[in-house]
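What follows is a single structure, written as structure tokens, with notes after it.
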């Protein structure tokens, strides 16, 4: 296959790493860059024009996610948002205990470990073989001196969705601050922030066909539990996040959020999804993959607390020995199939998956997991891309 053929027939199945910008987002970003270059903190006409774009975007996001205008704080991405949430919400608190799950994004781990240098105690909430929190430990983990809990809503590597509503209710009843990393769940549904027992939510635009370099923190902390800035500077974003706001990226983020559909049903213990094309095609591909000897699904079954576009598998050869996921990713890439060997934030490091390890798998399996995550850009009807993916996967075994 030539390079041109490869490009023409390529299939991008790595939505959990990043997504291509939606055409409407590209149009919005380009339009703002052409027409609105002012600093929104300036008081002249160009600054006022930029400020109007900023606050219009904030208002529309607040309306879409059902929260207050001043609940929306723009950041450079989910990583900064996580640090602002965990470090900013605890500046005024006496050190206590922070609980995070065994399957958090590295950003949450890093922020939590920073708190330990301030005198906080860090405790990990273990998961089962499917990646679900062991809820039988909830009373013990949330007892005093726990003051802050941060649990990932949907895990990027194995697709498991946690019962965030239930955990939030338990935290609320104990007056414990609760934060969730919603980076992977937001592309699949629109969040109703006011109805959720969650104090803070982090998200990033580039996971939902928005631009890179922009994220947000939703915070409903009242004045008596103030969210403090973690960096000095120009006092932007209600004095919480300094730095000149990137108006074009924020407008692009708002456009991407406006395209979100309500596709999930969240009950106290379960998240399920409506059976749409993306969901159906993902299920179909997963079933066909798992019919191949040597491929085994990791995480929950479909429509039971699992991301609807997500497939995570462990791969072995005919002898039952693990196959290197990095090798498979490279071979698939040469055939125009773009998948992942785990979280994009750790994939460049030649080490085993901490997430697979947390699920309880033996050490030999830590380098053999593959993640496929689909998106609306995959053409099912005219190109038959899902069968083509399966065909190319089979060819390298």
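Residue numbers (this note's numbering): 9 to 405. Each residue gets a CB set at the ideal place from its N, CA and C atoms; glycine is no exception.
So, is residue i buried or exposed, given that buried needs 16 or more other C-beta atoms within 10 angstroms?
i	result
residue 29	buried
residue 230	exposed
residue 313	buried
residue 215	buried
residue 279	buried
residue 153	exposed
residue 98	buried
residue 124	exposed
residue 359	exposed
residue 88	buried
residue 330	buried
residue 301	exposed
residue 372	exposed
residue 36	buried
residue 245	buried
residue 147	exposed
residue 394	buried
With distances taken between CB atoms, is the gap from residue i to residue j smaller than 8 angstroms?
i	j	result
residue 419	residue 398	One cannot answer for residue 419 here, as it falls past the ends of the chain, which runs 9 to 405.
residue 249	residue 378	no
residue 257	residue 221	yes
residue 201	residue 75	yes
residue 106	residue 145	no
residue 133	residue 156	no
residue 260	residue 61	no
residue 126	residue 103	yes
residue 252	residue 47	yes
residue 271	residue 292	no
residue 68	residue 198	no
residue 110	residue 135	yes
residue 382	residue 317	yes
residue 228	residue 205	no
residue 162	residue 380	no
Please report the straight-line C-alpha distance between residue i and residue j, rounded to a whole angstrom.
i	j	result
residue 226	residue 208	5 angstroms
residue 355	residue 349	Any reading at residue 355 needs caution, since the residue's pLDDT is 49, under 50, leaving its predicted position unreliable; the model's value is listed next. C-alpha separation (whole angstroms): 6 angstroms.
residue 337	residue 396	16 angstroms
residue 21	residue 334	15 angstroms
residue 79	residue 218	20 angstroms
residue 417	residue 57	Missing from the structure shown is residue 417; the chain here goes from 9 to 405 and no further.
residue 70	residue 309	33 angstroms
residue 386	residue 53	43 angstroms
residue 384	residue 340	21 angstroms
residue 43	residue 262	17 angstroms
residue 325	residue 112	30 angstroms
residue 361	residue 243	39 angstroms
residue 247	residue 238	10 angstroms
residue 332	residue 345	17 angstroms
residue 286	residue 311	13 angstroms
residue 254	residue 187	25 angstroms
residue 158	residue 368	21 angstroms
residue 17	residue 347	14 angstroms
residue 203	residue 290	30 angstroms
residue 185	residue 281	28 angstroms
residue 92	residue 363	24 angstroms
residue 55	residue 45	8 angstroms
residue 366	residue 114	14 angstroms
residue 27	residue 327	36 angstroms
residue 370	residue 128	31 angstroms
residue 299	residue 403	15 angstroms
residue 19	residue 294	16 angstroms
Between residue i and residue j, how many whole angstroms is the CB-CB distance? I'm expecting something under 8 angstroms.
i	j	result
residue 189	residue 116	6 angstroms
residue 84	residue 240	Residue 84 to residue 240, Cβ: 16 angstroms. No contact.
residue 273	residue 171	Not really, about 13 angstroms apart at Cβ, beyond 8 angstroms.
residue 95	residue 122	6 angstroms
residue 264	residue 213	6 angstroms
residue 108	residue 120	5 angstroms
Could you check if residue i belongs to the surroundings of the ligand FMN, using beta carbon to heavy atom distance under 7 angstroms?
i	result
residue 133	Ligands are entirely absent from the displayed structure, and the ligand FMN is therefore not among its contents.
*Do the stretch 158 to 172 and the stretch 138 to 145 touch if we need at least three Cβ pairs shorter than 8 angstroms?*
At 8 angstroms Cβ cutoff, the stretches touch.
*Can you find at least 3 beta carbon pairs, one from the stretch 189 to 201 and one from the stretch 173 to 181, that sit closer than 8 angstroms?*
By the Cβ test, the stretch 189 to 201 is not in contact with the stretch 173 to 181, since fewer than three Cβ pairs between them sit closer than 8 angstroms.
*If we count Cβ pairs, one from each stretch, closer than 8 angstroms, do we get three or more for the stretch 316 to 328 versus the stretch 366 to 381?*
Contact holds: three or more Cβ-Cβ distances are below 8 angstroms.
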